[in-house]
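Worksheet: the structure to be examined is printed underneath.
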Amino acid sequence: MKDIFADFYNKVLGFFRQSEKKENAKDVACNRLRVVLMQDRTNLTPELMERMRKELIELLSRYVEMDKEALELNFEQEGDQMALMLSIPVLRAREESEIEKELAALDAEKAKKEEEAAAEEDVEKREETSQDGETQEEIIEIVEAEPVDKAETSEGKPSDEEKVVIEEEIVISEPENEKEPKIEITD
Amino acid sequence: MSNATANPSVSDEKDKKGETMSGRVIVITSGKGGVGKTTTNANIGTALARAGKKVVMIDTDLGLRNLDLLLGLENRIVYTIVDVVEERCKLKQALVKDKKNPNLCLLAAAQTRDKTAVTEEQLKSICEELKKDFDFILVDCPAGIEQGFQNAVAGASEAIVVTTPEMSAVRDADRIIGLLESKEEIKSYRLLLNRVRPNLIKSNDMMSVDDVVDILSAQLIGIIPEDTGIITSTNKGEPIVNDEKSLAGQAYNNVARRIIGEDVPFLNLEEGKGIVARVKKFFSNLVGKEK
Ligand SMILES: Nc1ncnc2c1ncn2[C@@H]1O[C@H](COP(=O)(O)OP(=O)(O)OP(=O)(O)O)[C@@H](O)[C@H]1O
Ligand SMILES: [Mg+2]
Numbered sequence: 084m085k086d087i088f089a090d091f092y093n094k095v096l097g098f099f100r101q102s103e104k105k106e107n108a109k110d111v112a113c114n115r116l117r118v119v120l121m122q123d124r125t126n127l128t129p130e131l132m133e134r135m136r137k138e139l140i141e142l143l144s145r146y147v148e149m150d151k152e153a154l155e156l157n158f159e160q161e162g163d164q165m166a167l168m169l170s171i172p173v174l175r176a177r178e179e180s181e182i183e184k185e186l187a188a189l190d191a192e193k194a195k196k197e198e199e200a201a202a203e204e205d206v207e208k209r210e211e212t213s214q215d216g217e218t219q220e221e222i223i224e225i226v227e228a229e230p231v232d233k234a235e236t237s238e239g240k241p242s243d244e245e246k247v248v249i250e251e252e253i254v255i256s257e258p259e260n261e262k263e264p265k266i267e268i269t270d
Numbered sequence: 027m028s029n030a031t032a033n034p035s036v037s038d039e040k041d042k043k044g045e046t047m048s049g050r051v052i053v054i055t056s057g058k059g060g061v062g063k064t065t066t067n068a069n070i071g072t073a074l075a076r077a078g079k080k081v082v083m084i085d086t087d088l089g090l091r092n093l094d095l096l097l098g099l100e101n102r103i104v105y106t107i108v109d110v111v112e113e114r115c116k117l118k119q120a121l122v123k124d125k126k127n128p129n130l131c132l133l134a135a136a137q138t139r140d141k142t143a144v145t146e147e148q149l150k151s152i153c154e155e156l157k158k159d160f161d162f163i164l165v166d167c168p169a170g171i172e173q174g175f176q177n178a179v180a181g182a183s184e185a186i187v188v189t190t191p192e193m194s195a196v197r198d199a200d201r202i203i204g205l206l207e208s209k210e211e212i213k214s215y216r217l218l219l220n221r222v223r224p225n226l227i228k229s230n231d232m233m234s235v236d237d238v239v240d241i242l243s244a245q246l247i248g249i250i251p252e253d254t255g256i257i258t259s260t261n262k263g264e265p266i267v268n269d270e271k272s273l274a275g276q277a278y279n280n281v282a283r284r285i286i287g288e289d290v291p292f293l294n295l296e297e298g299k300g301i302v303a304r305v306k307k308f309f310s311n312l313v314g315k316e317k
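Keeping their order, the protein sequence lines are chains A and B.
In terms of the working numbering, the first sequence opens at residue 84 and continues consecutively.
In terms of the working numbering, the second sequence opens at residue 27 and continues consecutively.
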């Protein structure tokens, strides 16, 4: 298990902190360019990236105590697929009871929200029947307020007090405009 | 395609025999400025004309015209594209014939006007009209992604994206490719890599051709080496393809032949090492790493 972590860790270091090894100008250029193009192509503004980072921290903090400042979130090319690489220095694994407590609190909150939403929906429906339509938009909003998927706990809990890096890889398929070249110019 | 013809089989016939011309409109664009669009235009245009094709080049870089200089035609320009759209002259009157090659013409940009003097629609109809008389209409695009770019692309159905192996140029090329892909009229585009310096690639100080092709996942149409001859040829107003001994000239000639449809292997810039000839193996290992 440790080997896997170490391997991942090195891979990420190799990719994003080339300066540690002595890298040539060409590789640095290629890697920097790949990363920046990933961002250009996703239409994710720096603000949105920051928001995604914050949300991920919030989510993951329920399971592990991590170095929030050191969390790295980057795009990487994996063949013709784009990967979102998340590297989190873990400070301490949380006690099981601790995690469960958090999750229970979260579930309770979700249940409460759902109830509220259902109640609201009832009201909406009643309004709708009385007013005839016009409330479409609001209903959509309620649908969006559905509970978030339960995140899976990462496999293998790192031992206490040890600083390990967990790697999560979220593979996104290429954005709509596939970068496949179109028809050839000739013919 | 001439959608004026009712019977599709008839139009096919004509395409093959080339009787009723329906020229190909190719825009040469880049995003980043100064990477060699105009140089490419002048050289490909000249090479195609030397190969017996009827070619017209349109300079759409209003206010910053240069194509006339590269061709040595600056003293022959009477009317410009703006005179055509403002109906001070007929389209044919504004076409300037090349000094050497009667197959080659230039429709110059106006030097005193800005991008707003010509609209997308006007460029489209100019291209449509020229298609009847020419095999190739090459459109020289201004730098950037604003109106000048939109205008230049408006009448085209093919594009050549010029870039150099530098990060900023490649990034801008990626942007342009994204824009081209969103345009329905553009049926195909290919990449031309200019100012390639084999020595720097060999020493791993510069991205290799395969690196750029791989990063952009675009199809390659040409690799042009850095060549001081391009500067002297520009000074003389004489495209470098006319100099058969020049490597850049040969490379541009090869691009022209590929446009016509010939299968021409890529020039071996790194002598005897068999690089970059693998047009179809874009995603294979990066050759630059070998040495
Ligand atoms: N392969 C090459 N080797 C050496 N110099 C080159 C090469 N290609 C272009 N140049 C030089 O680079 C400069 C810019 O070229 P050019 O005017 O063709 O670029 P451009 O993309 O049309 O620029 P702009 O965006 O301003 O229209 C010129 O001085 C030209 O001589
Ligand atoms: Mg130019």
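Note that the Cβ used here is the ideal one computed from N, Cα and C, for glycine as well.
Minimum Cβ-Cβ distance from residue i to chain A less than 8 Å
i                      : result
residue 232 of chain B : yes
residue 200 of chain B : yes
Within-8 Å CB hit, residue i to chain B
i                      : result
residue 119 of chain A : yes
residue 114 of chain A : no
residue 107 of chain A : yes
residue 207 of chain A : no
Outcome for residue i when other beta-carbon atoms lying within 10 angstroms are tallied against a minimum of 16
i                      : result
residue 57 of chain B  : buried
residue 205 of chain A : exposed
residue 257 of chain B : exposed
residue 229 of chain B : exposed
residue 245 of chain B : buried
residue 24 of chain B  : Since the first residue of chain B shown is 27 and the last is 317, residue 24 of chain B is not available in this structure.
residue 91 of chain B  : buried
residue 104 of chain B : exposed
residue 231 of chain A : Caution applies to residue 231 of chain A, whose pLDDT of 38 falls short of 50 and renders its modelled position unreliable; the value that the coordinates give is listed next. So residue 231 of chain A ends up on the exposed side.
residue 289 of chain B : exposed
residue 131 of chain B : buried
residue 60 of chain B  : exposed
residue 63 of chain B  : buried
residue 174 of chain B : buried
residue 125 of chain B : exposed
residue 115 of chain B : exposed
residue 190 of chain A : exposed
residue 201 of chain A : exposed
residue 86 of chain B  : buried
residue 109 of chain A : buried
residue 240 of chain B : buried
residue 78 of chain B  : exposed
residue 244 of chain A : With a pLDDT of only 42 at residue 244 of chain A, under 50, the local geometry of the prediction cannot be trusted, and the value read off the model is given with reservation. Result: exposed.
residue 135 of chain B : buried
residue 237 of chain B : buried
Cβ-heavy atom distance, residue i to ligand 3, below 7 Å
i                      : result
residue 168 of chain B : In the structure on display, ligand 3 does not appear, and the ligands it does have are ligand 1 and ligand 2.
Select from the region 187–198 of chain B all residues with a C-beta closer than 7 Å to any C-beta belonging to chain A, and list them in chain order.
-> Going along the region 187–198 of chain B in chain order, one finds 193, 196, 197 with a Cβ nearer than 7 Å to chain A.
Residues in the region 238–258 of chain B with C-beta within 7 Å of chain A's C-beta atoms, listed in sequence order?
-> 241, 243, 244, 245, 247
Cβ contact (3+ pairs, closer than 8 Å) linking the region 123–133 of chain A and the region 195–212 of chain B = yes
What residues in the region 178–204 of chain A have a beta carbon less than 7 Å from any beta carbon of chain B?
-> Correct list: empty, as no residue qualifies.
Within the chosen definition, does the region 177–192 of chain B reach the region 202–213 of chain B through at least 3 CB pairs nearer than 8 Å?
-> A contact exists between the region 177–192 of chain B and the region 202–213 of chain B.
At least three beta-carbon pairs within less than 8 Å, the region 260–267 of chain B to the region 211–223 of chain B | no
Report yes or no: do the region 68–81 of chain B and the region 272–283 of chain B share at least 3 C-beta pairs separated by less than 8 Å?
-> yes
Count the C-beta pairs between the region 223–239 of chain B and the region 152–161 of chain A that are closer than 8 Å, then say yes if the count reaches three, no if not.
-> no
Stretch pair the region 155–166 of chain B + the region 136–144 of chain B: three plus CB contacts closer than 8 Å | no
Answer yes if the region 174–194 of chain A comes into contact with the region 137–154 of chain A, meaning at least three C-beta pairs across the two stretches below 8 Å, and no otherwise.
-> Yes: at least three Cβ pairs fall under 8 Å.
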